[in-house]
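Enquirer: Numbering (our numbering), first residue to last: 292 to 685. Positions of the beta carbon are idealized from the N, C-alpha and C atoms, including for glycine. The structure displayed is predicted, hence computed values, not measured ones.
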Amino acid sequence: MDQKWNTIYQHSITPALERLRKVQGVLLGFHSVIDGIKRVRPGEIETILNADLGLKQSVQEKIDAVPIEIFSPADMLAGLLVSIKSGRSYRMVIRNEDTFRWILENFGYDQLKLGGTSGCMANSLAPLDLQKILVYTNPLAQQLLELFPDNNNLHMVTQINGNIQLEHPHQAWQHKGIEAIHWGFEFAQGTTIQLDKITLIAPRASRFYPCWNPVNNKLLLSPLFKKGALRFIDQFSHFIVAGYQLLLPNYPDGTTCIDYILSTLSYLNKLKVAHPPLKLHFECDTIPADEIRCGIRKHVLPQMDSMGLNEVELDYFIKDMRSQKINQLDQENQVEYYLSGLIELANESGLERIHFHNFDYYICLTKGSQKISPKRTRQAMILSAIIAGQEQEA
Numbered sequence: 292m293d294q295k296w297n298t299i300y301q302h303s304i305t306p307a308l309e310r311l312r313k314v315q316g317v318l319l320g321f322h323s324v325i326d327g328i329k330r331v332r333p334g335e336i337e338t339i340l341n342a343d344l345g346l347k348q349s350v351q352e353k354i355d356a357v358p359i360e361i362f363s364p365a366d367m368l369a370g371l372l373v374s375i376k377s378g379r380s381y382r383m384v385i386r387n388e389d390t391f392r393w394i395l396e397n398f399g400y401d402q403l404k405l406g407g408t409s410g411c412m413a414n415s416l417a418p419l420d421l422q423k424i425l426v427y428t429n430p431l432a433q434q435l436l437e438l439f440p441d442n443n444n445l446h447m448v449t450q451i452n453g454n455i456q457l458e459h460p461h462q463a464w465q466h467k468g469i470e471a472i473h474w475g476f477e478f479a480q481g482t483t484i485q486l487d488k489i490t491l492i493a494p495r496a497s498r499f500y501p502c503w504n505p506v507n508n509k510l511l512l513s514p515l516f517k518k519g520a521l522r523f524i525d526q527f528s529h530f531i532v533a534g535y536q537l538l539l540p541n542y543p544d545g546t547t548c549i550d551y552i553l554s555t556l557s558y559l560n561k562l563k564v565a566h567p568p569l570k571l572h573f574e575c576d577t578i579p580a581d582e583i584r585c586g587i588r589k590h591v592l593p594q595m596d597s598m599g600l601n602e603v604e605l606d607y608f609i610k611d612m613r614s615q616k617i618n619q620l621d622q623e624n625q626v627e628y629y630l631s632g633l634i635e636l637a638n639e640s641g642l643e644r645i646h647f648h649n650f651d652y653y654i655c656l657t658k659g660s661q662k663i664s665p666k667r668t669r670q671a672m673i674l675s676a677i678i679a680g681q682e683q684e685a
């Protein structure tokens, strides 16, 4: 069996790469950010908790009912411990600047990397010799843009002497400073945290992401990018859309997440009108807020051609579709459970393709009317798995 799969892999990579390199061009938006990578050190966490008994008690109370967003150090630590306990990747948005400062002062980071869905996609796609990749980044800060790779197929929209142009990210920055950072707390399988009489042991390696990004919390797109992407849209065939997890359900000015979801969709529709062959793919992220997920199901997915998501993200959609709570979901037979959830989501959304990536396996559900053969789909999945594996090792 191993020899058979080795042969399948060997005969899949080249044709999949050849087709990928024929892609006209890819747009990536709306989520590029600096990732502060931090390796989890159990002693460091235990010291922080034991030094503040009030904080420790609050964390213990929140572990069984973790808030969907981070408003305090206790929220962040509870999210981290639940992520470790489950071995799953959770993402929570930091909504309080004092908490952001607390995390920065108490944990810092070990390394700064290019992150965000769009940034990570740029990292993965640029070395594959695609003809052109246009990335949306806000703000155009030197510290962020210099994290992009050197590949000359990477571009951003800039304006020089009043003329809108496409430049490499390294030449596109406008100012200095770090206005947004998403931590990636990395923990290995077997990472153990002692919380009084409770012992938390990570069943597998993963990451926990507390995200500070107030500058993009409404996804108000840069007017310069909007003009530039529209001007050059005939050079692109695909747009990978992401970033809705940055939104708030409600804002102090009376607006809601739906207002800003509709605003981005209105712009995407302009691109489609200007260039009808453009394919739209939505790459999901952890979105605990019910209102935002509801907006995505109702407004975003019907406008997309395809979607990608992982097990945590699919759990939330299954919860919504079945009107259940997360802890009520029957996940005993995981592959069957997730496959049935994917079918429900496909039927509800009308998506042409759904890509589901979980530990140990990958499912691509395609609409029967699609003209792409299962063999070609499998070739693409194998190439994706290899690229993801290399990214993980890096």
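Can you give the beta carbon distance from PHE530 to LEU318, rounded, assuming they're within the 8 angstroms contact cut?
Expert: Yes, PHE530 and LEU318 are in contact; Cβ-Cβ is about 4 angstroms, under 8 angstroms.
Enquirer: Please classify TRP503: does DSSP put it in a helix, a strand, or coil?
Expert: Of the three classes helix, strand and coil, the one that applies to TRP503 here is strand, per DSSP.
Enquirer: Below 8 angstroms on the Cβ atoms is my guess for LYS329 versus PHE398; work out the distance and round it to an integer in Å.
Expert: Indeed they touch by this definition, with Cβ atoms about 6 angstroms apart.
Enquirer: Output yes or no for whether 8 angstroms exceeds the beta carbon distance between SER725 and PHE523.
Expert: With the chain covering 292 to 685 only, the question about residue 725 has no answer from this structure.
Enquirer: ASN341: which of ASN601, TYR535, ASP487 sits nearest, CA to CA?
Expert: The candidate whose alpha carbon is nearest that of ASN341 is ASP487.
Enquirer: Sort out for me which residues DSSP pairs CYS655 with in a bridge.
Expert: Its beta-bridge partners are HIS646.
Enquirer: Residues in its own chain within less than 7 angstroms of LYS561 by CB, not counting five upstream and five downstream?
Expert: Same-chain partners within the cutoff: LEU521.
Enquirer: Identify which residue in ASP525, SER303, GLY680, PHE362 has its Cα closest to the Cα of HIS566.
Expert: HIS566 has its Cα closest to that of ASP525, out of ASP525, SER303, GLY680, PHE362.
Enquirer: Can you list, in chain order, the residues of its chain whose CB lies under 8 angstroms from that of SER303, leaving out five sequence neighbours each side?
Expert: So the qualifying residues of the chain are ARG669, GLN670, ILE673, LEU674.
Enquirer: If we ignore side chains and look at the alpha-carbon of each, how far apart do TYR607 and LEU620 end up?
Expert: When rounded, the distance between both Cα atoms is 10 angstroms.
Enquirer: With burial defined as no fewer than 16 other Cβ atoms inside 10 Å of the residue's Cβ, what is the status of HIS466: buried or exposed?
Expert: With fewer than 16 Cβ atoms within 10 Å of its Cβ, HIS466 is classed as exposed.
Enquirer: Give the single residue among LEU371, SER377, LEU403, ASP366 whose Cα lies nearest to the Cα of ARG386.
Expert: Answer by Cα proximity: ASP366.
Enquirer: With three or more beta-carbon pairs closer than 8 angstroms as the criterion, would you say the stretch 376-384 touches the stretch 577-591?
Expert: Yes, the stretch 376-384 is in contact with the stretch 577-591.
Enquirer: Helix, strand or coil: how does DSSP classify MET412 here?
Expert: Three-state result, MET412: helix.
Enquirer: From which residue to which residue does the beta strand (DSSP E) around LEU486 run?
Expert: Residues 483-486.
Enquirer: Could you check where the beta strand (DSSP E) with TRP296 kicks off and where it finishes?
Expert: That residue, TRP296, is in no beta strand (DSSP E); its alpha helix (DSSP H) goes 293-301.
Enquirer: Answer yes or no: do LEU421 and ASN444 have a C-beta to C-beta separation smaller than 8 angstroms?
Expert: Their beta carbons are under 8 angstroms apart, which means LEU421 touches ASN444 by this criterion.
Enquirer: List in chain order: all unbroken beta strand (DSSP E) runs of 3+ residues lying wholly within the stretch 583-652.
Expert: For the stretch 583-652, whole beta strand (DSSP E) runs of length 3 or above, ordered along the chain, are 597-601, 644-649.
Enquirer: Measure the C-alpha to C-alpha separation of HIS446 and PRO440 and round it to an integer number of angstroms.
Expert: When rounded, the distance between both Cα atoms is 11 angstroms.
Enquirer: Between the stretch 511-520 and the stretch 295-313, are three or more C-beta pairs nearer than 8 angstroms?
Expert: No contact exists between the stretch 511-520 and the stretch 295-313.
Enquirer: Taking GLU627 as the reference, give the member of TYR652, THR657, PHE321, GLU396 with the closest Cα.
Expert: Answer by Cα proximity: TYR652.
Enquirer: Suppose you measure from the CA of TYR400 to the CA of ARG312; what does that come to, to the nearest Å?
Expert: Between TYR400 and ARG312, the C-alpha separation is close to 36 angstroms.
Enquirer: Quick check on VAL357: does DSSP put it in helix, strand or coil?
Expert: Residue state, collapsed to three classes: coil.
Enquirer: So, with DSSP's three-state summary, where would you put HIS461?
Expert: Of the three classes helix, strand and coil, the one that applies to HIS461 here is helix, per DSSP.
Enquirer: Only counting runs of 3 or more residues, tell me where the beta strand (DSSP E) segments fall wholly within the stretch 535-591, in order along the chain.
Expert: Counting only runs of 3 or more, we get 570-574.
Enquirer: Per DSSP, what are the beta-bridge partners of THR449 in this structure?
Expert: Partner(s): GLN456.
Enquirer: Nearest to GLU635 by CA position, among LYS658, ASN541, TYR300, is which residue?
Expert: Checking every option, the nearest Cα to that of GLU635 belongs to LYS658.
Enquirer: Helix, strand or coil for ALA432? Go by DSSP, reduced to three states.
Expert: Looking at ALA432 - three-state DSSP - the assignment turns out to be strand.
Enquirer: Report the start-end ranges of each beta strand (DSSP E) in the stretch 337-392 that is 3 residues or longer and not cut off at the edges.
Expert: Counting only runs of 3 or more, we get 381-384.
Enquirer: Please return the same chain residues whose Cβ sits closer than 6 angstroms to the Cβ of ILE492, not counting the five positions on each side in sequence.
Expert: THR483.
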